[in-house]
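Below: one structure, written as structure tokens.
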Amino acid sequence: MTDTPDVVVLREGTEGLSMESYAETLRDRLPDRTVALARTPKQERELVADARVATGITLDPELVEEASNLELFACTFAGTDHVPMDELADRGVAVTNAGGIHAPGIAEQAIANMLVFTRRLHEGWRRKANNEWRHFQSDEFTDSTVTVIGLGSIGQALVQRLQGFEVETIGVRYTPEKGGPTDEVVGFDEDAIHDALSRSEYVVVACPLNDLTRGLVGEAEFATMPPNAVLVNAARGGIVDTDALVSALQSNKIRGAALDVTDPEPLPNDHELWDLENCLVTPHTGGHTPKHWDRLGDIVAENVSRLESGGELVNEVLAPSAD
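Residue numbers for the sequence shown follow the working numbering, so the first one is 54 and each next one is one higher.
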């Protein structure tokens, strides 16, 4: 193990994936650089102190303080709210995220959830569990209207995959004047969102959680949705008001919900959502993919090259110091 690696892979894994595999992926893409895997807290302290690039879930503020040569922290998550951004900014360290690498899987799962509700497959599974050969009515996805809140990498991947289903799509984005891949694009203003919700059989939440979007879908929004509407949250639990969602599901204000994220998360085992037959819950697994390290490795390897050339970093969430 070299004393001065170019890239240090931190020890804490993500989504059950091996950090050894991540390190090997980076070595394949950076054959002229030294990539070291820190397996212990001691190795992290020693290796990060001299490295130019560190990558992992997060970086301890104490390590940031000691990292004299650090130029980039490459977060292995799309979200960076758990990363010590202030400390990294003070040291002039750039931060990138893993945004986009999960988009295909999340989009596929969102479509799968919509189709489950359309064809009422969850009712079929329930009857199978009870050994019931008893028919039930289903619907068609064709001619539905799908509103996609957020047209970032996930929203775009979803809209791309919706082509061919013969559905109408409405996209909600911060800058509607830029247009987008949906049949219609509106902004985040209240009137525009409510108009879209009132016309939608399916609403997919695919936007970041921030001050604007926290609690974006609440009691008023559920009141606007048609009673046959289905909410799919593929983003962050805090974007949806959980109490309002429970009430809407219990009183049939909406037909159902499919949640890959919840608030709180993890969802407590005695929470009301578990017992609602019109609510599907998966434990934040929408982004799981065997291509995780391959896609992230491409981003990190490209950014190592851009650090030297001075180019703008891919997936940059905090710019490097101008010094």
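Glycine residues also receive a C-beta, built at the ideal position from the N, C-alpha and C atoms. Remember, it's a predicted structure, so these values are computed and weren't measured experimentally.
Where residue i and residue j are concerned, what is the direct C-alpha to C-alpha distance, given to the nearest angstrom?
i	j	result
Ala104	Phe126	10 Å
Lys231	Val60	38 Å
Thr266	Val201	14 Å
Arg86	Ala76	12 Å
Ser362	Thr171	50 Å
Pro261	Tyr227	11 Å
Ser74	Trp346	8 Å
Ile332	Leu326	Reading off the sequence shown, one finds Cys at residue 332, where the question assumed Ile. Using only the alpha carbons, I get a separation of about 7 Å.
Thr222	Ala310	19 Å
Gly158	Thr342	7 Å
Glu254	Asn281	6 Å
Val212	Gly153	14 Å
Ile110	Val283	33 Å
Val379	Asn122	No statement about residue 379 is possible, as the shown extent of the chain runs from 54 to 376 and does not include it.
Ala245	Val238	10 Å
Ala29	His337	There is no way to answer for residue 29, as the model of the chain reaches only from 54 to 376.
Asn286	Gly268	12 Å
Trp178	Glu161	20 Å
Ala88	Val353	The identity of residue 88 in the sequence shown is Val, whereas the question assumes Ala. C-alpha separation (whole angstroms): 12 Å.
Glu330	Glu68	27 Å
Asn356	Asp113	22 Å
Leu168	Phe194	7 Å
Ala163	Lys344	19 Å
Arg50	Ala156	The structure shown has nothing for residue 50, since the chain only spans 54 to 376.
Val367	Asp328	42 Å
Ala91	Leu360	22 Å
Leu174	Val199	19 Å
Pro43	Thr335	Residue 43 falls outside the range modelled here, since the chain spans only 54 to 376, and no answer is possible.
Val220	Thr235	10 Å
Arg82	Met72	15 Å
Evaluate residue i with the Cβ neighbour count: other Cβ atoms within 10 Å of its Cβ, from every protein chain shown; 16 or more gives buried, anything less gives exposed.
i	result
Ser197	buried
Asn166	buried
Glu97	buried
Thr57	exposed
Ser191	exposed
Ser206	buried
Glu124	buried
Arg308	buried
Leu79	buried
Ala301	buried
Gly364	exposed
Ala182	exposed
Gly208	buried
Gly339	buried
Near residue i, what residues of its chain come up, given a Cβ to Cβ distance below 8 Å and the 5 sequence neighbours on each side ignored?
i	result
Lys95	none
Thr93	Arg64
Val146	Val117, Ala120, Leu123, Glu124, Leu125, Phe126, Leu371, Pro373, Ser374
For residue i, collect the residues of the same chain with a Cβ closer than 6 Å to its Cβ; drop the 5 residues on either side in sequence, then sort them by chain order.
i	result
Val101	Val61, Ala107, Leu116, Ala120
Ala131	Asn150, Ala151, Gly152
Within the same chain, show all residues whose beta-carbon is closer than 7 Å to that of residue i, passing over the 5 residues directly before and after it, in chain order.
i	result
Phe241	Val225, Tyr227, Leu265
Gly233	Leu204, Gly224, Arg226
Val31	Residue numbering for the chain in the displayed model covers 54 to 376; residue 31 lies beyond these limits and cannot be assessed.
Arg180	Arg187
* To do: Decide yes or no for the touch test of the segment 176 to 187 against the segment 134 to 154: beta carbon pairs closer than 8 Å, at least 3 of them.
  => Flag = no, the segment 176 to 187 and the segment 134 to 154 do not touch.
* Asked: Fully enclosed by the segment 274 to 352, which alpha helix (DSSP H) runs are 4 residues long or longer?
  -> Listed in chain order, the complete alpha helix (DSSP H) runs (minimum 4 residues) inside the segment 274 to 352 are 295 to 303.
* To do: Assess, as a yes-or-no matter, whether the segment 316 to 336 is touched by the segment 292 to 301 under the definition of 3 or more beta carbon pairs within less than 8 Å.
  => Yes, the segment 292 to 301 is in contact with the segment 316 to 336.
* Asked: Would the segment 266 to 278 and the segment 239 to 252 be scored as touching if the rule is three or more Cβ pairs under 8 Å?
  -> Yes, the segment 266 to 278 is in contact with the segment 239 to 252.
* To do: Output the residue ranges of the alpha helix (DSSP H) runs that lie fully inside the segment 78 to 139 and measure 4 residues or longer, sorted by chain position.
  => Within the segment 78 to 139, the complete alpha helix (DSSP H) runs of at least 4 residues are 94 to 101, 114 to 119.
* Considering only residues of the segment 149 to 187, which uninterrupted alpha helix (DSSP H) runs meet the minimum length of 4 residues and lie entirely inside it, listed in chain order? -> Counting only runs of 4 or more, we get 156 to 172, 174 to 182.
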